[in-house]
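Here's the structure, in structure tokens; my notes come after.
In our numbering, the protein residues as written are 30 to 528.
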């Protein structure tokens, strides 16, 4: 074996040992400074460079020095940001400059490099995830033609350092994400702890992971490890609540339930629960997050309200019955078919029908269509056609509309288009967003025989114009045509039904 060969073998062995030392130091590095120091040591040992540097792209895409040896501050400032690559380049290859004086670089840059005592340079890209994230530089004082062996060593060092930077950045990202999660959880716990509602978190098995202070006080719980919330549900409500919660878990959907739960003092309170599924990064089900609101007083108030409404309905019916009885006594001497008797009974019946509709909706509102059908016998009399969008009337509006429609229908049967075979009536309505005509009602009679115009105004006409006009703040138009009455009501305001 020749002397040159023995030197080559020795050099290869030293380089292998140096690469192993670099790998070990990078593996043990606890901070980026440890990575930089290990890389600069390897560059000096393996490439024989007294001066070297490591530069990385910052968040603005600017190449900045992060570690160096043997470089003056003035030199670093002068060449700061200089790079042959852009952030994210995927096809970067090392660049070796044997003599800066022989390049086409700007004269000021050549002078700056020469004044630092540098003649030959090496630009070796640092790659992470296949993209350029920085470079390391080698500097030599004399012209130097970089051998293939030196180039291969430089690339080997760059790969090791790039892997280490990639691993470190991944760990930084993971640590930052974990820290954000911890901070988010801490903020959530601080926020929820003193919240005026009951907040809870449960895992995928339903076990409580977190109860805020209000909910812990409600159940008298401190140790969540042995606590089973389902044991506090009232026996009559347990199966329904558990079934609803299990369905939400199975379907990864929200849950909205209400039931009675035993408080720490032994009494039962009605809690309304709204819960949503908590999904992990992979989309898997991790548990539920929810709130409980004590609605006991609201439930009791609703029950009391319903009792009052039932009592009101009972008294209204009794009052109407009394009025009907008094009327019968008053009209006792008149025949049953007497027009005045029939008119009064019809009006009383229309009033009762309107009250029945309101009672069915707890005196909140009534559908205009239902009011119309009950008032004009629309379900039985096919001669009356009713059409229009959904409109909910406030209680007073419903009663007034029912009485007005009864008068219109009665008038059509006695004097108008419905007094003869073949006549008909169209009752329709429409709504708009315009405040001056939010609702328009149209009663259109279509008689076969000419309908005579009334010679006097009766109770019905007066009631329709005044009552509807006042209740709906409306313009009421009564047009008596040969084919029958055309009544149009244009309402200028909308009384919102009570909630």
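Each residue gets a CB set at the ideal place from its N, CA and C atoms; glycine is no exception.
Check: Please report the distance separating the alpha-carbon of residue 107 from that of residue 81.; Outcome: 16 Å
Check: Only counting runs of 4 or more residues, tell me where the alpha helix (DSSP H) segments fall wholly within the stretch 493–521, in order along the chain.; Outcome: 498–501
Check: Comparing C-alpha positions only, which one of 422, 423, 411 and 481 sits nearest to residue 27?; Outcome: For residue 27 there is no data in the structure shown, the boundaries of the chain being 30 and 528.
Check: Whole angstroms are fine: how far does the CA of residue 289 sit from the CA of residue 329?; Outcome: 13 Å
Check: Which runs of the beta strand (DSSP E), 3 residues or longer, sit entirely within the stretch 429–487?; Outcome: 453–460 and 468–475
Check: Any idea if residue 137 is buried or exposed, counting beta-carbon neighbours within 10 angstroms, 16 or more meaning buried?; Outcome: exposed
Check: Would you give the residue range spanned by the alpha helix (DSSP H) that residue 270 belongs to?; Outcome: 264–280
Check: At what residues does the beta strand (DSSP E) containing residue 160 begin and finish?; Outcome: 160–169
Check: Are the stretch 84–96 and the stretch 223–237 in contact at 8 Å, needing three or more beta carbon pairs?; Outcome: no
Check: From residue 302 to residue 285, what distance separates their C-alpha atoms?; Outcome: 6 Å
Check: Relative to the alpha-carbon of residue 72, which residue among 160, 110 and 189 has its alpha-carbon at the smallest distance?; Outcome: 189
Check: Can you list, in chain order, the residues of its chain whose CB lies under 7 Å from that of residue 512, leaving out five sequence neighbours each side?; Outcome: 446, 474, 475, 476 and 480
Check: Based on Cα-Cα distance, which residue from 46, 131, 168 and 43 lies nearest to residue 79?; Outcome: 168
Check: Give every residue of the same chain whose Cβ lies closer than 7 Å to the Cβ of residue 519, excluding the five residues on either side of it in the sequence, and list them in chain order.; Outcome: 466, 469, 503 and 504
Check: Using DSSP's beta-bridge definition, name the partner residues of residue 396.; Outcome: 421
Check: Do residue 238 and residue 232 have their C-beta atoms closer together than 9 Å?; Outcome: yes
Check: Near residue 304, what residues of its chain come up, given a Cβ to Cβ distance below 7 Å and the 5 sequence neighbours on each side ignored?; Outcome: 277, 283, 284, 317, 318 and 319
Check: Mapping DSSP to helix, strand and coil, what is residue 217?; Outcome: helix
Check: Pairing CB atoms from the stretch 127–135 with CB atoms from the stretch 168–177, are three or more of them under 8 Å?; Outcome: yes
Check: Pull the bridge partners of residue 304 from the DSSP assignment, please.; Outcome: 284 and 319
Check: What three-state label does DSSP hand residue 150 in the structure shown?; Outcome: strand
Check: From the DSSP secondary-structure annotation, give me the bridge partner or partners of residue 105.; Outcome: Answer is none; residue 105 lacks a bridge partner.
Check: Going by CA-CA distance only, name the one from 47, 265, 61 and 414 that's closest to residue 438.; Outcome: 414
Check: Please name the residue in 403, 61, 400 and 52 whose C-alpha comes closest to that of residue 197.; Outcome: 61
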